[in-house]
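In case it helps, our numbering puts the sequence shown at residues 1006 to 1153. For glycine and all other residues, C-beta sits at the position ideal for the given N, C-alpha and C. Bear in mind the structure is a predicted one, so any value in this text is a computation, not a measurement.
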Amino acid sequence: MNDMTFFDTSEPDPPHPLLTWSQERIGLGVPVMDGYHQEFLSILAALGATPDGVFVALFKELVRHTHEHFSQEEKLMKETGFSAMREHIEEHRRVLSDLQAMLERAEHGRRRMPREFIKNHMPEWFQLHLVTMDSALAQHLKISLNLE
Ligand SMILES: [Fe+2]
Ligand SMILES: [Fe+2]
């Protein structure tokens, strides 16, 4: 499978308005976090518009990418002694387990709920996570890592 078919967005399905990357609106000023967030949104947008034939493959890529994204944040939390680490890691675990459950449904051919989850729930979850837990982490990292 080449990249063109993997990220096929030819279906006329408008993306969720929260999926468009904007450094001003979404960027937190910590490059490693911003990089993962930008990729996360582009995979979510592609997944929302992808045909059934590649939905599961791209969903797996989203789960893999999210594992990596969360692991990187958690590594930074541990290295810098972030005080709200426990709640943030618990939230990551919860979301990964929801994603895994939706992936398993999709693998069994039950795509209605997973599609709804990707189209609406995940963009809304991300927006909330961004302005609460990830913003707090970014503020802490900017001070700890002297990014400003
Ligand atoms: Fe994040
Ligand atoms: Fe996070």
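Exposure of residue i, with buried meaning 16 or more beta-carbon neighbours within 10 Å
i: residue 1062; result: exposed
i: residue 1136; result: exposed
i: residue 1113; result: exposed
i: residue 1148; result: exposed
i: residue 1053; result: buried
i: residue 1057; result: exposed
i: residue 1091; result: exposed
i: residue 1025; result: exposed
i: residue 1118; result: exposed
i: residue 1124; result: buried
i: residue 1120; result: buried
i: residue 1128; result: buried
i: residue 1081; result: buried
i: residue 1008; result: Caution is warranted here: a pLDDT of 48 is assigned to residue 1008, below 50, making its placement in the model unreliable, and no coordinate value can be reported.
i: residue 1084; result: exposed
i: residue 1029; result: exposed
Pairwise C-alpha distance: residue j and residue i
i: residue 1110; j: residue 1145; result: 37 Å
i: residue 1108; j: residue 1143; result: 29 Å
i: residue 1032; j: residue 1064; result: 24 Å
i: residue 1130; j: residue 1140; result: 14 Å
i: residue 953; j: residue 1095; result: Since the first residue shown for the chain is 1006 and the last is 1153, residue 953 is missing from the structure and cannot be characterised.
i: residue 1067; j: residue 1050; result: 11 Å
i: residue 1022; j: residue 1132; result: 11 Å
i: residue 1076; j: residue 1150; result: 18 Å
Q. In chain order, what residues have a CB nearer than 5 Å to some heavy atom of ligand 2?
A. 1078, 1139
**Q.** Cβ contact check for the segment 1094-1111 and the segment 1044-1051: 3 or more pairs under 8 Å
**A.** no
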